[in-house]
Amino acid sequence: MSKKETTSNSGKSKQEKGSVPYGDSQLAAGGELHQIAGGEHPALTTNQGVALSDNQNSLRANPHGPTLLEDFILREKITHFDHERIPERIVHARATGVHGFFELIASLKQYTTARILTEVGEKTPVFTRISTVAGGAGSVDTPRDVRGFAVKFYTKEGNWDLVGNNIPVFFIQDAIKFPDLIHAVKMEPDRGFPQSATAHDTFWDFISLTPESMHMVMWIMSDRTIPRSLRMIEGFGVHSFRLINDTGQSTFVKFHWRPKLGLQSTIWDETVKIAGADQDFHRRDMFDAIAAGHFPEWEFAVQLFTQEEADRFPFDHLDATKLIPEELVPLKVIGRMVLDRWPNNFFAETEQVAYCPGNVVPGIDFSNDPLLQGRLFSYIDTQLSRLGSSNFHQIPINAPKCPFSNHQRDGHMQMAQPAGRVAYEPNSLSENSPRETPAKGFHSAAVTETGEKGRIRAESFADHYSQARQFYLSQTAYEQAHIASALVFELSKVEQMHVREAMVGHLRHIEEDLAKRVAAGLAFDKMPDAPVAAAPVQEMKPSPALQIIGKMKDTLMGRAIGILIADGSDGAVIERIKKAATDAGATVKIVAPKVGGAKLADGSMLAADGQLAGTPSVLFDAVAVILSDGGAKALSKESAAIDFVRDAYGHLKAIAVDKGGQALLKMANVGQDAGVMDTNDKDAFITVAKTRQWDREKSVRTLA
Ligand code: HDE
């Protein structure tokens, strides 16, 4: 055993050319050097390019003496380290970022001059960052939370950032309320918790006093906020934007992303357990998918409408708490996005990327949505504090991939070295300095604005309940039960009775039955009064497009199947299930009590992908349990094995079992239904594995 840990990535030996050997006394104290892979390595240097002779020991006055201040190598290294972190985003701190491309498949030439939306077949590089909102950068991937869906398109005409969410509406109508909303949802300032959870008093206090948030509340209490994978969420630009064509005519547009793998969410109890089993569940899923060449893909679609059409909508499209039902304005699919390259460096790219809804290209413009208008200011401002310099656009992940030049100069961390005398415009001293391009440059939509200035909320923004009701009524019965149960869960964590009551009061406007279910779940002895509604609740046609279950895809692509085995398991059965699942597109993982694997019935060893204690069934979409009688008996004493099958059943997953597997189910008191089948029936297993056993739910938990 070495007496002192001494490593050197200069490879080969301490005598390597160009390096100063370790002193004899150090070797005597330190023992052998670790041999690391050989090969030619560049010299390890300071940031000034000075080669280091020793990266293991600081400079000391003598072997037992004080460290010397003159050690510029130590000071440089520690100083840099001390400054490694930059302020994390105030919201959307936790995220996964991936490179990819956007490809246009249908031209919008009639509506816009933006080249990215007119040149069919052209591929545009993108960087997409999908985030949670409330938690810090080191928080878990799976709280109940909205997912940010930000895409930077590096177009030939400049960067276009579409900074959206996986929910098409927002909590508030006016940007001035955003700091209040975020302060309410974030950890409470006196106690410093909860981290990334809405289930606490300050959040629901604010919400209960903010009726405009009710539509968004329905969405966040639905399973949309507990997605199975980031590859299985939708994205929305939320606000209305404008497209402007070559005659200057403008059309309103809403942007949508639709995942190729379909929508899928988890069950709340499962989500809670995933947070313990794998804090990086979503990031790892994305990383693994890209490493395996299963590139996530989304359709890009638009809803286009004119001012005249908008005037006939029974809501105001400039109000970000409203969506435009697909049944009213159909989606037109115009492109696709494929994410196919993991960043080289998380900090340089995912952390330093700076999105701004104000980054648009000629042919795209803003609407008067007061939330969007506030965002146009906020994002640049936040980048200045986060990235520390007005030159943040020069960081490679933020820089346009088309040429850009102007007369802005200097500033903190200036990387460019502009030549010449001229840094102003107009000028007559330079023949090739940048000038305006009146024809092709950015033009705003020519809109006439009239009316009185003031802090006024438009009357057309007054209806807070109709679309909340429409959303709830559009769901399947299972999804409605999940919404009601989520409300009961969240409000049960709220200590203040008057806040619980106020929330149930709002629910009465949305749907009386929902209010009753939640009141019963909270054990209210009488129904609280509903608050006065600012506008009457309108009855709107249910929109099935708002469901998750209706948008699940009949596929195992992107899904994972876990096979639990132990010593004595039948290799042929394992192989049969594994092949059927892999052929159907699933990823298959073998789980065994020991990661080294299990000795199968025929005496061969099968290595495991995961150790049972660290690989619970919450990490899979369906499971198979293939055990000998002895294996089943041994596992019946392992709580991890009991949890594996109980949770798979409780989370409504398909379970394939052989005789030993069935024995374990019995010992674990797991029920039987059509979703539990024999491993001989592999085709039925594959079919059932593609969905969840919704009918089972009433037998495993009491929903509101
Ligand atoms: Fe953001 N938001 N936001 N937001 N937002 C930020 O900008 C803000 C809103 C969204 O992956 C911040 O760079 C205000 C709606 C995403 O880097 C900040 C308002 C939607 C991301 C900010 C909103 C979003 C952010 C923090 C109300 C959906 C992550 C860090 C007017 C359409 C982008 C940063 C990334 C990030 C402000 C509301 C989406 C503070 C003031 C609505 C996806 O500037």
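Residue numbers for the sequence shown, in our numbering: 159 to 862.
Where a beta carbon is used, it is the ideal one built from N, C-alpha and C, also for glycine.
A quick note: this is a predicted structure, and the numbers were derived from the prediction, not measured.
* Asked: Excluding five sequence neighbours on each side, which residues of the same chain lie with their C-beta closer than 6 Å to the C-beta of Gln-851?
  -> Taking the first residue of the sequence shown as 1, we reach residue 851 at position 693. Excluding its 5 nearest sequence neighbours in each direction, Gln-851 has C-beta neighbours in its own chain below 6 Å: Leu-810, Gly-833, listed in chain order.
* Asked: So is Asp-779 buried or exposed if we call it buried at 16+ other beta carbons inside 10 Å?
  -> Residue mapping note: residue 779 aligns to position 621 of the sequence shown, counting from 1. For Asp-779, the number of other beta carbons within 10 angstroms of its own is at least 16, and it is reported as buried.
* Got a sec? Which residues, its chain only, sit under 6 Å from Leu-861 by beta carbon, not counting five neighbours each side? -> Residue mapping note: residue 861 aligns to position 703 of the sequence shown, counting from 1. Once the five neighbours on either side are set aside, the close Cβ partners of Leu-861 are Ala-639, Ser-643.
* **Euclidean distance between Cα positions of Ala-447 and Trp-500** => Counting from one through the sequence shown, the residue named residue 447 turns up at place 289. Counting from one through the sequence shown, the residue named residue 500 turns up at place 342. Near 10 Å, if we compare the C-alpha coordinates of Trp-500 and Ala-447.
* Which residues mark the beginning and the end of the alpha helix (DSSP H) in which Ser-643 is found? -> Translated into positions along the sequence shown, residue 643 becomes position 485. Segment 635-650, the alpha helix (DSSP H) holding Ser-643.
* To do: Answer yes or no: do Leu-486 and Phe-336 have a C-beta to C-beta separation smaller than 9 Å?
  => Looking up residue 486 in the sequence shown gives position 328. Looking up residue 336 in the sequence shown gives position 178. Taking the C-beta atoms as reference points, Phe-336 is found no nearer than 9 Å to Leu-486.
* To do: Kindly list the residues whose CB is nearer than 6 Å to the CB of Asp-498, restricted to its own chain and excluding five residues on each side of it in sequence; keep chain order.
  => The residue given as residue 498 occupies position 340 in the sequence shown. Residues of the same chain with a CB within less than 6 Å of the CB of Asp-498, apart from the 5 flanking positions on each side, are Gly-258, Phe-453 in chain order.
* May I ask you to report which of helix, strand or coil DSSP gives Leu-777? => One-based indexing of the sequence shown puts residue 777 at position 619. Taken through DSSP and simplified to helix, strand or coil, Leu-777 comes out as helix.
* Using CA coordinates, which residue listed in Ala-597, Ile-482, Ala-512 is at the minimum distance from Phe-285? -> Taking the sequence shown and counting its residues from 1, the one referred to as residue 285 is at position 127. Nearest option by C-alpha distance: Ala-512.
* If you draw a straight line from the C-alpha of Val-846 to the C-alpha of Gly-819, how long is it? -> Mapped onto the sequence shown, residue 846 falls at position 688. Mapped onto the sequence shown, residue 819 falls at position 661. In this structure, the straight-line span from the alpha carbon of Val-846 to that of Gly-819 is close to 18 Å.
* Might you give, ordered along the chain, the residues of its own chain that have their beta carbon closer than 6 Å to the beta carbon of Ala-765, omitting 5 neighbours on each side? => Position 607 of the sequence shown, counted from the start, is the residue given in the question as residue 765. Closer than 6 Å at the Cβ level, and outside the excluded window around Ala-765, lie Gly-755.
* Asked: Quick one: any contact between the region 475-489 and the region 455-467, if contact means 3 or more CB pairs under 8 Å?
  -> Contact between the region 475-489 and the region 455-467 is present, because at least three Cβ pairs lie under 8 Å.
* Asked: Arg-247: buried (16+ other C-beta within 10 angstroms of its C-beta) or exposed?
  -> Position 89 of the sequence shown holds residue 247. Looking at its Cβ environment, which holds 16 or more other Cβ atoms inside 10 Å, Arg-247 is buried.
* Asked: By DSSP, does Phe-463 sit in helix, in strand, or in coil?
  -> Along the sequence shown, one-based indexing puts residue 463 at 305. Strand.
* Report back the beta-carbon spacing between Val-781 and Ile-813 to the nearest angstrom; my notes put them in contact at under 8 Å. => Working through the sequence shown from its first residue, we reach residue 781 at position 623. Working through the sequence shown from its first residue, we reach residue 813 at position 655. Yes, Val-781 and Ile-813 are in contact; Cβ-Cβ is about 6 Å, under 8 Å.
* Give the straight-line distance between the Cα atoms of Val-776 and Asp-539, rounded to the nearest whole angstrom. => Start at 1 with the first residue of the sequence shown, and residue 776 comes out as number 618. Start at 1 with the first residue of the sequence shown, and residue 539 comes out as number 381. About 41 Å.
* Please confirm whether Gly-406 and Ala-597 have their CB atoms less than 9 Å apart. => Start at 1 with the first residue of the sequence shown, and residue 406 comes out as number 248. Start at 1 with the first residue of the sequence shown, and residue 597 comes out as number 439. No, Cβ-Cβ distance for Gly-406 and Ala-597 is not below 9 Å.
* Is Trp-456 helix, strand or coil when you go by DSSP? -> Walking along the sequence shown from the start, residue 456 turns up at place 298. Shown here, Trp-456 sits in a strand according to DSSP, grouped into three states.
* Do the region 299-318 and the region 269-280 touch if we need at least three Cβ pairs shorter than 8 Å? -> By the Cβ test, the region 299-318 is in contact with the region 269-280, since at least three Cβ pairs between them sit closer than 8 Å.
* **Three-state class that DSSP yields for Gln-769 in the structure shown** => Here residue 769 refers to the residue found at position 611 when the sequence shown is read from its first residue. If DSSP states are grouped into helix, strand and coil, Gln-769 belongs with the strands.
* Would the C-beta of Gly-322 count as close to the ligand HDE, meaning under 8 Å from any of its heavy atoms? -> On the sequence shown, residue 322 is found 164 positions in, with the first residue counted as 1. Inclusion of Gly-322 in the 8 Å shell around the ligand HDE follows from its C-beta lying nearer than that to a non-hydrogen atom of the ligand.
* Whose C-alpha, out of Thr-745, Asp-805, Met-835, Gly-743, is nearest the C-alpha of Ile-784? -> Along the sequence shown, one-based indexing puts residue 784 at 626. Restricting attention to Thr-745, Asp-805, Met-835, Gly-743, the CA atom closest to the CA of Ile-784 is found in Met-835.
* **Own chain, CB closer than 8 Å to Val-858, minus 5 neighbours either side, in chain order** => Sequence index remark: in the sequence shown, residue 858 carries index 700 (1-based). Excluding five sequence positions before and after Val-858, the CB atoms of its chain that fall closer than 8 Å to its own CB belong to Tyr-807, Gly-808, Leu-810, Gly-829, given in chain order.
* Near the ligand HDE: Val-284 beta-carbon under 8 Å from a heavy atom -> What you label residue 284 is simply residue 126 of the sequence shown in a count that begins at 1. Short note on Val-284: C-beta not closer than 8 Å to any heavy atom of the ligand HDE.
* Taking only the alpha-carbon atoms, compute the straight-line gap between Asp-866 and Ser-701 and give it to the nearest angstrom. => Outside the displayed span of the chain (159 to 862) sits residue 866, for which this structure offers no information.
* For His-440, count neighbouring C-beta atoms within 10 Å of its own C-beta (all shown protein chains included) and say buried if the count is 16 or more, exposed if not. => Your numbering for residue 440 matches position 282 in the sequence shown. Buried: at least 16 other Cβ atoms inside 10 Å.
* Asked: Hey, would you say Met-495 sits closer than 9 Å to Glu-455, going by beta carbons?
  -> Along the sequence shown, one-based indexing puts residue 495 at 337. Along the sequence shown, one-based indexing puts residue 455 at 297. Yes; because the gap between Cβ atoms is below 9 Å, this pair is in contact.
* To do: Leaving out five residues on either side along the sequence, give the residues of the same chain with a beta carbon under 7 Å from the beta carbon of Asp-853.
  => Numbered from its first residue, the sequence shown carries residue 853 at position 695. Cβ within range, chain order: n/a, list empty.
* To do: Taking His-257 as part of the beta strand (DSSP E), name the residues at either end of that continuous run.
  => Your numbering for residue 257 matches position 99 in the sequence shown. First-last of the beta strand (DSSP E) with His-257: 253-262.
* Asked: Using DSSP with H/G/I as helix, E/B as strand and the rest coil, what is Val-519?
  -> Indexing the sequence shown from 1 puts residue 519 at position 361. In the structure shown, Val-519 sits in coil (DSSP, three-state: anything other than H, G, I, E or B).
* To do: Scan the region 476-552 and note each continuous beta strand (DSSP E) run of 3 residues or more that stays entirely inside, going in chain order.
  => Every beta strand (DSSP E) stretch that sits fully inside the region 476-552 and reaches 3 residues is listed by chain position as 490-499, 522-524.
* State the DSSP-derived secondary structure class of Arg-287, mapped to helix, strand or coil. => The residue given as residue 287 occupies position 129 in the sequence shown. When secondary structure is reduced to three states using DSSP, Arg-287 falls in the strand class.
* Asked: Excluding the five sequence neighbours on either side, which residues of its own chain have a C-beta within less than 8 Å of the C-beta of Gly-294, listed in chain order?
  -> As a working note, residue 294 is residue 136 in the sequence shown. Contacts found: Glu-246, Ala-251, Arg-252, Gln-353, Ser-354.
* Using 8 Å as the cut-off, classify the Cβ of Thr-409 as near or not near the heavy atoms of the ligand HDE, replying yes or no. => Taking the sequence shown and counting its residues from 1, one reaches residue 409 at position 251. Taking 8 Å as the cut-off, the C-beta of Thr-409 does not count as close to any heavy atom of the ligand HDE.
* Three-way DSSP call (helix, strand, coil) for Arg-416 in this model -> For this step, residue 416 is matched to residue 258 along the sequence shown. Annotated three-state conformation of Arg-416 is strand, per DSSP.
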